[in-house]
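In this note's numbering, the protein residues as written are 88 to 453.
From the three backbone atoms N, C-alpha and C, an ideal C-beta is built for every residue, glycine too.
Read through the structure below, which is laid out as structure tokens, and then see the notes.
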Ligand code: FA5
């Protein structure tokens, strides 16, 4: 209800928003409200004297509109008084709020989009980050660059000669069975394939350059393997090749120990155990002391104290012959290991498929 009709109240004229009747006085609160709000709006913001005068006129205790309406309510029949009281309260509250707002000063400009500040800095936009395998690869590249090696890359789709034959693995050699892969339908049948290791890049580098050669080759490789905790059909390797005068097995052992310690950030012992690769002679598997148990034996290292990382050896003279390097003048060593394996070891990640599942919890943890 917006009108209050009371009886018996005296009035002072239409400008007060008060109308008179013959025997009943009518205080027209609607008209008084409109008049008061217009008068408040016409007053300069912050003009305290003018606003005080308006407050006295509309809300004052003695002769204001509100005071007369209050008096008139007393003359109403009891049943009509509550409703008339609520209308008066609403009138009083609205006028007081308008007065207070006007006293507070100029109305601030409407809120819109903030002005464009070309000098403002950024606000920490969230960006992606490198995958753990890439981080591992880069960390190892740093280690080897510090030791004087150059990083080179080779094709993932390789020909049979570079992947097998030049590495002393002729057709029918048993080592081919251990590195079965996908063949690409290109050129002669079974001549183009997804490379099974990074070793063919050794061949490409030695074809293209003359010694001394110090390179590392990171990259993705493919094998027809069943996925298990530590084996994946697609994984990454890092290959190393050094060709120079008088390279010995001792240089290879020292290099492995140096890079393992640099990568793990503390002295970590490494171990070479006799093995066989057709393209190195002699050949070895190299392992690092388990960093989880410091060699004491635990679940991660299958209680051996060692974790196998890769293969290595001195470059076989047949490989030198295939690329036209004189094995009487030059000697070299090569090694290759799995990037996921060293990342698993360093960060305690298991199983290997964790690297490829794109689970955001894993991706954001590293
Ligand atoms: C080779 O691939 C040789 N080319 C390494 C080499 C280079 C020997 C130079 C001598 C000289 P091997 O198949 O053992 O070797 O693989 C080397 C390493 O790759 C393994 O020790 C392991 O760390 C990793 N690896 C092999 N297969 C897988 C797989 N399916 N999933 C994940 N990592 C693997």
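- CA-CA distance, residue 173 to residue 141, rounds to 22 Å.
- At least one heavy atom of ligand 1 sits closer than 7 Å to the Cβ of residue 428.
- Following the DSSP letters along the chain, one finds residue 248 inside the alpha helix (DSSP H) bounded by residues 247-250.
- Burial check for residue 139: the Cβ neighbour count within 10 Å stays below 16, so the residue is exposed.
- Residue 328 places its beta carbon less than 8 Å from that of residue 421.
- For residue 330, the enclosing beta strand (DSSP E) starts and ends at 321-331.
- The DSSP assignment places 404-410 and 426-434 as complete runs of the alpha helix (DSSP H) inside the segment 400-451, in order along the chain (cut-off: 4 residues).
- Note that the C-beta distance between residue 364 and residue 398 is below 8 Å.
- Nearest Cα to residue 400 within the set 407, 339 and 349: 339.
- Boundaries of the alpha helix (DSSP H) harbouring residue 178: 168-190, taken from the DSSP string.
- Your pair residue 133 and residue 190 checks out as a contact, with CB atoms roughly 7 Å apart and the cut at 8 Å.
- Close CB contacts of residue 409 within its chain, under the 6 Å cut and outside five residues either way in sequence, are with 253 (chain order).
- In this structure, the CA atom of residue 233 is about 29 Å from the CA atom of residue 392.
- If you look at residue 307, you'll find it in the beta strand (DSSP E) that goes 300-309.
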